[in-house]
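2 protein chains.
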Amino acid sequence: MIFEEADLVIKDCKILPMNNAGIIPKGVIAVKGGKISYVGDSGNAQCIRAEKVLEGHRKVAMPGLVNCHTHLAMTLFRGLAEDMTMDQWLEETIWPLEAKLRPEDVYIGSLLGCLEMIKNGVTCFADMYFFESKVAEAVKKAGIRASLASGIIETVDWQTGDKSFDDAVYFAQKYEGWAEGRITTRLGPHTAYTCTEETLGKIREKASQAGIGIHIHLSELGTTPPYIARKSNLSEVELLENQGFLDDDVLAAHCIHLTTKDITILAKRGVKVAYNPVSNMKLAQGVSRVKELIDAGITVGLGTDGAASNNSLDMFETMKIAALLQKLHYRDPTILRAREVLRAATIKGAEALGLHNKIGTLEVGKRADIILVDLNRPNLVPLHDIYANLVYSARGCDVDSVIVDGKILMENREVKTLNEEEVIKKAENQALGLAGS
Amino acid sequence: MIFEEADLVIKDCKILPMNNAGIIPKGVIAVKGGKISYVGDSGNAQCIRAEKVLEGHRKVAMPGLVNCHTHLAMTLFRGLAEDMTMDQWLEETIWPLEAKLRPEDVYIGSLLGCLEMIKNGVTCFADMYFFESKVAEAVKKAGIRASLASGIIETVDWQTGDKSFDDAVYFAQKYEGWAEGRITTRLGPHTAYTCTEETLGKIREKASQAGIGIHIHLSELGTTPPYIARKSNLSEVELLENQGFLDDDVLAAHCIHLTTKDITILAKRGVKVAYNPVSNMKLAQGVSRVKELIDAGITVGLGTDGAASNNSLDMFETMKIAALLQKLHYRDPTILRAREVLRAATIKGAEALGLHNKIGTLEVGKRADIILVDLNRPNLVPLHDIYANLVYSARGCDVDSVIVDGKILMENREVKTLNEEEVIKKAENQALGLAGS
Numbered sequence: 231m232i233f234e235e236a237d238l239v240i241k242d243c244k245i246l247p248m249n250n251a252g253i254i255p256k257g258v259i260a261v262k263g264g265k266i267s268y269v270g271d272s273g274n275a276q277c278i279r280a281e282k283v284l285e286g287h288r289k290v291a292m293p294g295l296v297n298c299h300t301h302l303a304m305t306l307f308r309g310l311a312e313d314m315t316m317d318q319w320l321e322e323t324i325w326p327l328e329a330k331l332r333p334e335d336v337y338i339g340s341l342l343g344c345l346e347m348i349k350n351g352v353t354c355f356a357d358m359y360f361f362e363s364k365v366a367e368a369v370k371k372a373g374i375r376a377s378l379a380s381g382i383i384e385t386v387d388w389q390t391g392d393k394s395f396d397d398a399v400y401f402a403q404k405y406e407g408w409a410e411g412r413i414t415t416r417l418g419p420h421t422a423y424t425c426t427e428e429t430l431g432k433i434r435e436k437a438s439q440a441g442i443g444i445h446i447h448l449s450e451l452g453t454t455p456p457y458i459a460r461k462s463n464l465s466e467v468e469l470l471e472n473q474g475f476l477d478d479d480v481l482a483a484h485c486i487h488l489t490t491k492d493i494t495i496l497a498k499r500g501v502k503v504a505y506n507p508v509s510n511m512k513l514a515q516g517v518s519r520v521k522e523l524i525d526a527g528i529t530v531g532l533g534t535d536g537a538a539s540n541n542s543l544d545m546f547e548t549m550k551i552a553a554l555l556q557k558l559h560y561r562d563p564t565i566l567r568a569r570e571v572l573r574a575a576t577i578k579g580a581e582a583l584g585l586h587n588k589i590g591t592l593e594v595g596k597r598a599d600i601i602l603v604d605l606n607r608p609n610l611v612p613l614h615d616i617y618a619n620l621v622y623s624a625r626g627c628d629v630d631s632v633i634v635d636g637k638i639l640m641e642n643r644e645v646k647t648l649n650e651e652e653v654i655k656k657a658e659n660q661a662l663g664l665a666g667s
Numbered sequence: 231m232i233f234e235e236a237d238l239v240i241k242d243c244k245i246l247p248m249n250n251a252g253i254i255p256k257g258v259i260a261v262k263g264g265k266i267s268y269v270g271d272s273g274n275a276q277c278i279r280a281e282k283v284l285e286g287h288r289k290v291a292m293p294g295l296v297n298c299h300t301h302l303a304m305t306l307f308r309g310l311a312e313d314m315t316m317d318q319w320l321e322e323t324i325w326p327l328e329a330k331l332r333p334e335d336v337y338i339g340s341l342l343g344c345l346e347m348i349k350n351g352v353t354c355f356a357d358m359y360f361f362e363s364k365v366a367e368a369v370k371k372a373g374i375r376a377s378l379a380s381g382i383i384e385t386v387d388w389q390t391g392d393k394s395f396d397d398a399v400y401f402a403q404k405y406e407g408w409a410e411g412r413i414t415t416r417l418g419p420h421t422a423y424t425c426t427e428e429t430l431g432k433i434r435e436k437a438s439q440a441g442i443g444i445h446i447h448l449s450e451l452g453t454t455p456p457y458i459a460r461k462s463n464l465s466e467v468e469l470l471e472n473q474g475f476l477d478d479d480v481l482a483a484h485c486i487h488l489t490t491k492d493i494t495i496l497a498k499r500g501v502k503v504a505y506n507p508v509s510n511m512k513l514a515q516g517v518s519r520v521k522e523l524i525d526a527g528i529t530v531g532l533g534t535d536g537a538a539s540n541n542s543l544d545m546f547e548t549m550k551i552a553a554l555l556q557k558l559h560y561r562d563p564t565i566l567r568a569r570e571v572l573r574a575a576t577i578k579g580a581e582a583l584g585l586h587n588k589i590g591t592l593e594v595g596k597r598a599d600i601i602l603v604d605l606n607r608p609n610l611v612p613l614h615d616i617y618a619n620l621v622y623s624a625r626g627c628d629v630d631s632v633i634v635d636g637k638i639l640m641e642n643r644e645v646k647t648l649n650e651e652e653v654i655k656k657a658e659n660q661a662l663g664l665a666g667s
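In the order they appear, the protein sequences are chains A and B.
For the first sequence, the working numbering assigns the number 231 to the initial residue and increments by one for each residue that follows.
For the second sequence, the working numbering assigns the number 231 to the initial residue and increments by one for each residue that follows.
Printed below as a string of structure tokens:
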């Protein structure tokens, strides 16, 4: 094929399209108008004119990673609530800190999070937090893609930010399509227990009527914490199912403590799951039965969760631990194979966010969200199995270049959209102020 | 204090000595004749003359990491035996590959492993393999420190390399103190089941008589594999105890399937444990009860195991997963706190190898095995808790410089002792040849 002009060409790289097509050992990707205009073998391609060319020798091009669950501004709390019980973590540390958060904290914390994700090859993330418009501003500046939800929490004795239903709807409607279409929005009820039944009903109604997705924490905790009044003996999934809340527009984070009946309900309703292995292990909450979720036909993406419970936003690390934890849990090393993990972090993640028609694979017509991983590293040699090397041996710092919507956000590890030194300095100051005040 | 001259000075860095002294917020380390000659606050130190100065601003100096269990040359098999059952992994893939290994394969695989470890801040490792003299040569060239054991395996129908008792003793005696004293040696019986009782007896006798340590796999597998004749219904620990094999010179890797009685025996005998969380998860073997081992007073170091079952030699990753796995296993996030993990990867690892008087902390008189970690990275900001940041947020690529025995092996991420490009190319070719032939 001959393409006559392109904004960007990546040449002579290995390509993992992550669709049903196989690996292209030596290929070319062309980008025009923010979309992929060509992807294929080098031998068949001839570029006439390209504004910018990236050399792909000894690199692999693959879809950018999709982080399906985080609270980006919590980068400011990294290291502040360590090795604590879940109650100490949430009630004694995180919530009091969040009560002090100002919009400018959320902005700088989100910039730091965007910077960390870009440096680690994440091109899209799903966030749920407060002052979410500030997260949107950071996303716009950083050039990354995001699905943002303003958090709704009400049944605990603690208040901060724009967390009401009305504010969340306002945010969702105002920011949908923002940042040249890179931002999509959701409604963000905190959990089935920390929102009233009435509010959950309003959320479902608004979501269905206006076509806005939902992002919620589901079945994260093994026991009901003291700060919430348990509404019934039903599981969280059953409770939401009885309220008619569950549908295929729901992104449910964690999903650890599920009964087999719960899994059947989630599958029947088409609920999408964000699996957060690192956070679930660090907070000692348990293991999501991801093998069974996938076997039931449920779409499972991967998430890092916030940096206060991870404490990193490196999705390469999350991929590895995602696989290790399932293998251990089922005592079967053949479970969640490397390619399946890579799908969970790319196309399945995109599906979980309802963005699979736009991103998640490298195909003509999709938005150009592409990362280049440098294979010329001691930890990635030899190259017997590229899927295994990417999942089990690579880390975020092996990512060489990052492209979102056709725009280069990082080249040769240099971030183009943010001043790395400045973001680091401002975030450090802001965070130390928060912790000390 | 005034020191008049030094070979190397690291100035204005944070210092984690990892002994009972606390963090030095801004300090100086001086090295002379391969040893630490000064460590303390910048304010009190004045260097008269130094051959070489490393700038430590925004960096932390800490003891180099100690990898207590690996099979270094298995880097060549990275990605070759993925997502398989343990039997398929060992019998159908790894053993047939090992039967083809030549000394030159072990040399280049070990060089690649040394390169990867140096780039990730590992300064000392314990290895058990075949053609171990080739590992020693790689260690010598790379400038790293190691405790090496020539493997002894005999009761399975498979043979390669210099694996007999006599060869192992010859190796241990010839290479002890080699590479300017950086190499110490051990005897390497494969397991309690893959060596005869007679051989285990000879190993214990030789070890006690000649003062050579032992490195063995212990209680890794949950069930007895078909290729070995189970000698009795005793646990592996009981079996070895009954033979009088266990003593404080034994480094036992894995120790997963332990009874409470086993733990008591290990504690009583002073056996040292190498905990390999990544490999244990990836091969789905189980979880070592490290909290109980530590509570029983047992010295626990951390290991990566070989790159065929990890598939990385990054001890920062191992530290994080070590902690996460214990927290999950006991469903208690307060277990194995960050500082304790960092001790396991430094001074406790040194203790496990019998090297705690030489390395493992930054103290005057100890050998200068030091790493500098760059704190000026998006994933390491803010710096609320340096132990937590190093264990949960840092990765090997955040290591800036590596010093072993006072010699700089890596500076600003550039390895000085090995030609990175050349090692990568040779290892890639050698590995592809092995897999294809």
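In this text, a Cβ means the ideal position worked out from N, Cα and C, and glycines have one as well.
Computed from a predicted model, the values in this text were never measured in an experiment.
Rounded straight-line distance, which links the Cα of residue j to that of residue i
i	j	result
Ala315 (chain B)	Arg567 (chain A)	According to the sequence as given, residue 315 (chain B) is Thr; it is not Ala. Each residue's Cα considered, the two are about 12 Å apart.
Gly500 (chain B)	Cys354 (chain B)	22 Å
Leu558 (chain B)	Val517 (chain A)	8 Å
Pro255 (chain A)	Gln660 (chain B)	20 Å
Ala665 (chain B)	Leu470 (chain A)	53 Å
Phe307 (chain A)	Asp335 (chain B)	47 Å
Cys298 (chain B)	Lys265 (chain B)	22 Å
Ala251 (chain B)	Gly407 (chain A)	55 Å
Leu238 (chain A)	Arg279 (chain A)	9 Å
Gly527 (chain A)	Ala497 (chain A)	6 Å
Ile633 (chain B)	Arg625 (chain B)	18 Å
Ala356 (chain A)	Ala379 (chain A)	8 Å
Asp479 (chain B)	Arg416 (chain B)	9 Å
Leu451 (chain A)	Glu328 (chain A)	20 Å
Short CB-CB distance (under 7 Å) between residue i and chain A
i	result
Tyr505 (chain B)	no
Leu558 (chain B)	yes
Cys627 (chain B)	yes
Asp357 (chain B)	no
Asn541 (chain B)	yes
Residue-level contact to chain B via CB, residue i, 7 Å cutoff
i	result
Gly286 (chain A)	no
Lys656 (chain A)	no
Leu238 (chain A)	no
Ala661 (chain A)	yes
Asp599 (chain A)	no
Asp392 (chain A)	Low confidence applies to Asp392 (chain A): its pLDDT is 46, below 50, so where it sits in the model is not reliable, and the reading given next is rough at best. False, the Cβ-Cβ gap to chain B never drops below 7 Å.
Beta bridge counterpart(s) of residue i as assigned by DSSP
i	result
Tyr505 (chain B)	B:Leu532
Leu284 (chain A)	A:Ile240
Ser377 (chain B)	B:Ala356 and B:Thr414
Leu448 (chain A)	A:His484
Lys265 (chain B)	B:Lys262 and B:Arg597
Ser631 (chain B)	B:Leu602
Cross-chain neighbours of residue i in chain A, by beta carbon under 8 Å
i	result
Lys436 (chain B)	Ordered by position in chain A, no residue passes the 8 Å Cβ test against Lys436 (chain B), which lies about 36 Å from the chain.
Ile551 (chain B)	Ile551 and Leu554
Pro428 (chain B)	Residue 428 (chain B) is actually Glu in this sequence, not Pro. Chain A residues near Glu428 (chain B): none, gap ~34 Å exceeds 8 Å.
Status (buried if at least 16 other CB within 10 Å, exposed otherwise) for residue i
i	result
Gly391 (chain B)	Residue placement at Gly391 (chain B) is flagged as unreliable, the pLDDT there being 44, under the threshold of 50; the coordinate-derived value follows with that caveat. Flag for Gly391 (chain B) reads buried.
Ala440 (chain A)	exposed
Gly263 (chain A)	exposed
Lys491 (chain B)	exposed
Pro612 (chain B)	buried
Glu234 (chain A)	exposed
Asn510 (chain B)	buried
Neighbour list for residue i in chain A, Cβ cutoff strictly below 7 Å
i	result
Arg561 (chain B)	Ala514
Gly252 (chain B)	Chain A residues near Gly252 (chain B): none, gap ~17 Å exceeds 7 Å.
Beta-carbon neighbours of residue i, restricted to chain B and to distances below 9 Å
i	result
Arg567 (chain A)	Glu312 and Asp313
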